[in-house]
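**Q** I'd like to ask you about the structure that follows.
In full-length UniProt numbering, the protein residues as written are 1 to 418.
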């Protein structure tokens, strides 16, 4: 039988009525001739509740016990989904991560997949079962302990199963009906995309678009798993949602496919860093050790205050999430005090946003940056930092202009047009 993977997020299984709605979507695929692996998240809000219970019980908790507790939400959903399918007359059973088994590393709270053996689930399909309902977000460490994959781990679980079982497609059911050119709440003219390339989706996900988890897109791109993002609350058709696929499946790409943004950004600048080999490694090594997620990096020559001083100096600017600023300051101060590098001052701006244009069509088109910068200039939006890649241009701007910038860029590249 052809095989399909279907993943239902927390809002899609938030209560018994929604679980029944999701089960009917599974039933429709079974009736079309598919064997189905269903990956489920915990019911909406349940994981946060479980995390809260752990933190109330133990401030310095054992990460292994944390995983044992927070993974239970998905187990409940999987059992309820299997029961609902059985009531519909569909041969189904639930699977916890250790029963498959989903083998992972031992990094509790942030485990990665090692292998997903097919034997157990294939044997049940051979017996006549039509649906395997698997608890997402969890796995089994080499030590035999339950692990969890981090936030958004159920998306990654779904893609991993699609790759391991050679699924025809992986359908991600969520509370939106596809991937849009930008957030419709910011730009009312945003348009749903029929198809988007893996690389574009990866960039959009990493830059702030929250439709898909970044790790899931990375995995899909590596194993060529065709993803479809669609709504749990609408009737699915062959043309529903957005297909995330290989670039070769897209006839001709627009120059820009989407506008991504991240509101909670900060900019930090180390002034007059003594310029020598290894100084960048010292700075960003200290930040990495502290768990700071650095994104945009710009290095400039710094002016000398004393003409007699012949040493070279540089200014080092980088962006990071606003909630990591204090951690970054501490890491920089400690590394500097340890003599790893010297700087004159640290300037922090916590009132910036990142706006990015993304599109594989940029590879063959010139002038995209010029159009982007002209559009922002026309709205009197000043650019603080610029970084580029082959299919992306990102800028840091004052946060108060973020929505204006997104709308201006959406109009400039005419993304409302198919």
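In this text, a Cβ means the ideal position worked out from N, Cα and C, and glycines have one as well.
1. Give a yes or no on whether the C-beta atoms belonging to residue 466 and residue 55 are separated by under 7 angstroms.
2. Pick out whichever of 39, 190, 92 has its Cα sitting closest to the Cα of residue 161.
3. List the whole-angstrom C-beta distance separating residue 254 from residue 359, where the pair is believed to meet the contact cut-off of C-beta under 8 angstroms.
4. Report back the beta-carbon spacing between residue 337 and residue 287 to the nearest angstrom; my notes put them in contact at under 8 angstroms.
5. Could you please give the first and the last residue of the uninterrupted alpha helix (DSSP H) stretch that includes residue 66?
6. Got a sec, what are the start and stop residues for the beta strand (DSSP E) residue 316 sits in?
7. Assuming residue 50 and residue 69 form a contact by the criterion Cβ under 8 angstroms, report the distance between their Cβ atoms to the nearest whole angstrom.
8. Just the Cα atoms here: how many angstroms apart are residue 352 and residue 266?
9. Using the C-alpha atoms, what's the distance from residue 227 back to residue 245?
10. Distance check for residue 202 and residue 216, CA to CA, integer angstroms please.
11. Starting from the C-beta of residue 3, find all residues in its chain whose C-beta is less than 6 angstroms away, skip the five residues before and the five after it, and write them out in chain order.
12. By DSSP's criteria, residue 233 is part of a beta bridge. Which residues make up the other side?
13. For the beta strand (DSSP E) that residue 93 lies in, which residues bound it at each end?
14. Taking DSSP as the reference, what is the three-state secondary structure of residue 299?
15. Tell me which residues share the same chain as residue 318 and place their Cβ nearer than 7 angstroms to its Cβ, disregarding the 5 neighbours each side in the sequence.
16. Tell me the rounded alpha-carbon separation between residue 133 and residue 325.
17. Pull up the DSSP beta-bridge partners for residue 133, would you.
18. Counting along the chain, where does the beta strand (DSSP E) carrying residue 265 start and finish?
19. With a threshold of 7 angstroms on Cβ separation, who are the neighbours of residue 300 within its own chain once the five nearest residues in sequence on each side are excluded?
20. Leaving aside the five residues before and after residue 96 along the sequence, list all residues of the same chain whose C-beta is less than 6 angstroms from its C-beta, in chain order.
21. Buried or exposed: residue 23, going by 16 or more other Cβ atoms within 10 Å of its Cβ?
22. Determine the contact status of residue 348 and residue 264, defining contact as a CB-CB distance below 7 angstroms.
23. Is the beta carbon of residue 19 less than 7 angstroms from the beta carbon of residue 26?
24. Under the DSSP definition of a beta bridge, which residues are partnered with residue 169?
25. Which term fits residue 258, buried or exposed, when burial requires 16 or more other beta carbons within 10 angstroms of its beta carbon?
26. Alpha carbons only, please: which of 396, 384, 283, 371 is nearest the one belonging to residue 342?
27. Taking the alpha carbon of residue 150 as the point to measure from, which residue in 189, 138, 44 has its own alpha carbon closest?
28. Nearest-angstrom Cα distance between residue 108 and residue 212?
29. Starting from residue 139 and walking both ways along the beta strand (DSSP E), at which residues does that stretch end?
30. Considering only the beta carbon of each residue, do residue 236 and residue 230 sit closer than 7 angstroms?
31. Measuring alpha carbon to alpha carbon, tell me which residue in 275, 155, 47, 280 is nearest residue 312.
32. What residues are listed by DSSP as bridge partners for residue 389?
33. Could you round the C-beta distance between residue 7 and residue 116 to whole angstroms and report it? I think they count as a contact, below 8 angstroms.
**A** According to the data block:
1. The first residue shown for the chain is 1 and the last is 418, placing residue 466 beyond what the model contains.
2. As a working mapping, residue 161 is identified with position 161 in the chain shown. The shortest C-alpha to C-alpha distance from residue 161 to any of 39, 190, 92 is the one to 39.
3. Within the chain shown, residue 254 is the residue found at index 254, counting from 1. Within the chain shown, residue 359 is the residue found at index 359, counting from 1. With a contact defined as Cβ atoms closer than 8 angstroms, residue 254 and residue 359 qualify at about 6 angstroms.
4. Residue mapping note: residue 337 aligns to position 337 of the chain shown, counting from 1. Residue mapping note: residue 287 aligns to position 287 of the chain shown, counting from 1. In fact, because the Cβ distance is near 15 angstroms, the residues do not count as touching under 8 angstroms.
5. Numbered from its first residue, the chain shown carries residue 66 at position 66. 63-70 is the extent of the alpha helix (DSSP H) around residue 66.
6. Here residue 316 refers to the residue found at position 316 when the chain shown is read from its first residue. Residues 313-321.
7. As a working note, residue 50 is residue 50 in the chain shown. As a working note, residue 69 is residue 69 in the chain shown. About 5 angstroms; that satisfies the 8 angstroms criterion.
8. Stepping through the chain shown from its first residue, residue 352 is reached at position 352. Stepping through the chain shown from its first residue, residue 266 is reached at position 266. If you take the alpha carbons of residue 352 and residue 266, they lie about 6 angstroms apart.
9. By one-based count along the chain shown, residue 245 stands at place 245. By one-based count along the chain shown, residue 227 stands at place 227. Each residue's Cα considered, the two are about 7 angstroms apart.
10. Residue mapping note: residue 216 aligns to position 216 of the chain shown, counting from 1. Residue mapping note: residue 202 aligns to position 202 of the chain shown, counting from 1. Approximately 9 angstroms, taken between the alpha carbons.
11. As a position in the chain shown, residue 3 is number 3, starting the count at 1. Correct list, in chain order: 35, 165, 167.
12. Working through the chain shown from its first residue, we reach residue 233 at position 233. Paired residues: none, contrary to the question.
13. Position 93 of the chain shown holds residue 93. From DSSP, the beta strand (DSSP E) with residue 93 extends over 92-95.
14. Locating residue 299 in the chain shown gives position 299, counting from the first residue. Under the three-state reduction of DSSP output, residue 299 falls in the strand class.
15. Counting from one through the chain shown, the residue named residue 318 turns up at place 318. Excluding its 5 nearest sequence neighbours in each direction, residue 318 has C-beta neighbours in its own chain below 7 angstroms: 268, 294, 296, 297, listed in chain order.
16. Here the question's residue 133 lines up with position 133 in the chain shown. Here the question's residue 325 lines up with position 325 in the chain shown. In a straight line, the C-alpha of residue 133 is about 41 angstroms away from that of residue 325.
17. Looking up residue 133 in the chain shown gives position 133. The bridge partners DSSP lists for residue 133 are 38, 94.
18. Numbered from its first residue, the chain shown carries residue 265 at position 265. Counting along the chain, residue 265 sits inside the beta strand (DSSP E) bounded by residues 258-274.
19. Within the chain shown, the letter at position 300 stands for residue 300. Answer for residue 300: 314, 315, listed in chain order.
20. Here residue 96 refers to the residue found at position 96 when the chain shown is read from its first residue. 75, 135, listed in sequence order.
21. What you label residue 23 is simply residue 23 of the chain shown in a count that begins at 1. Around the C-beta of residue 23, 16 or more other C-beta atoms lie within 10 Å, and the residue is accordingly described as buried.
22. As a position in the chain shown, residue 348 is number 348, starting the count at 1. As a position in the chain shown, residue 264 is number 264, starting the count at 1. No, Cβ-Cβ distance for residue 348 and residue 264 is not below 7 angstroms.
23. Along the chain shown, read from residue 1 onward, the residue named residue 19 stands at position 19. Along the chain shown, read from residue 1 onward, the residue named residue 26 stands at position 26. No. Outside cutoff.
24. In the chain shown, counting from the first residue as 1, residue 169 sits at position 169. According to DSSP, residue 169 bridges with 4.
25. To locate residue 258, count along the chain shown from 1; it is residue 258. Around the beta carbon of residue 258, a 10 Å sphere encloses 16 or more other beta carbons of the protein chains shown; the residue is thus reported as buried.
26. On the chain shown, residue 342 is found 342 positions in, with the first residue counted as 1. Considering only alpha carbons, the answer is 283.
27. Looking up residue 150 in the chain shown gives position 150. The option with the nearest alpha carbon to residue 150 is 138.
28. On the chain shown, residue 108 is found 108 positions in, with the first residue counted as 1. On the chain shown, residue 212 is found 212 positions in, with the first residue counted as 1. Their backbone Cα atoms lie some 22 angstroms apart in a straight line.
29. Residue numbering aside, residue 139 sits at position 139 when the chain shown is read from its first letter. Counting along the chain, the unbroken beta strand (DSSP E) around residue 139 starts and ends at 138-140.
30. Against the chain shown, residue 236 aligns to sequence position 236. Against the chain shown, residue 230 aligns to sequence position 230. Cβ atoms of residue 236 and residue 230: closer than 7 angstroms.
31. Locating residue 312 in the chain shown gives position 312, where the first residue counts as 1. Ranked by how close their Cα comes to the Cα of residue 312, the residues 275, 155, 47, 280 have 275 in first place.
32. Against the chain shown, residue 389 aligns to sequence position 389. Looking at the DSSP output, residue 389 sits in a beta bridge with 392.
33. The residue given as residue 7 occupies position 7 in the chain shown. The residue given as residue 116 occupies position 116 in the chain shown. Not confirmed; about 15 angstroms, so no contact.
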